[in-house]
Amino acid sequence: MEMNKHIVHFSLFISFGIAVLFLITYFKTGNFFLMIGALFSCLIVCSLGFMKKKSTLGKAIIFVSILSLVLFVLYFVGMSLFWNTP
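Heads up, the sequence shown is in full-length UniProt numbering, so the first residue is 1 and it goes up one at a time.
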């Protein structure tokens with residue numbers, strides 16, 4: 001039980017860091033999709049902390065979060081490759 005508490009605290013710390021990075025990039029570029037990316041990154045890492053619970057809802061949340069984060073990463077890589085954004 002003590003180990004699960006450490007996993008949850010670590011995942012919350014990581015998700016906060018990812019969300020802060022997304023928000024800093026949002027304020028630099030003004031792109032609204034980064035706000036949604038920050039939300040989904042929080043969902044991913046928080047749900048990874050609760051991976052011990054083998055429920056269908058938890059697996060669905062993890063799948064949707066990872067899929068949307070991959071889509072956001074592909075979107076921003078495409079934006080940086082094909083458009084000259086400062």
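The beta-carbon is built from N, C-alpha and C at its ideal position, and this holds for glycine as well. The structure presented is a predicted model; accordingly, all values stated were derived computationally and were not measured.
- The beta carbon of Thr25 is closer than 7 Å to those of Leu34 in its chain, skipping five residues each way along the sequence.
- Counting the other CB atoms within 10 Å of its CB gives Ser80 a total below 16, which places it among the exposed residues.
- Look at Gly78 here: in three-state DSSP terms it is helix.
- Between the C-alpha atoms of Tyr75 and Asn31 there is a straight-line separation of about 12 Å.
- As the crow flies, the alpha-carbon of Ile14 is around 20 Å from that of Phe27.
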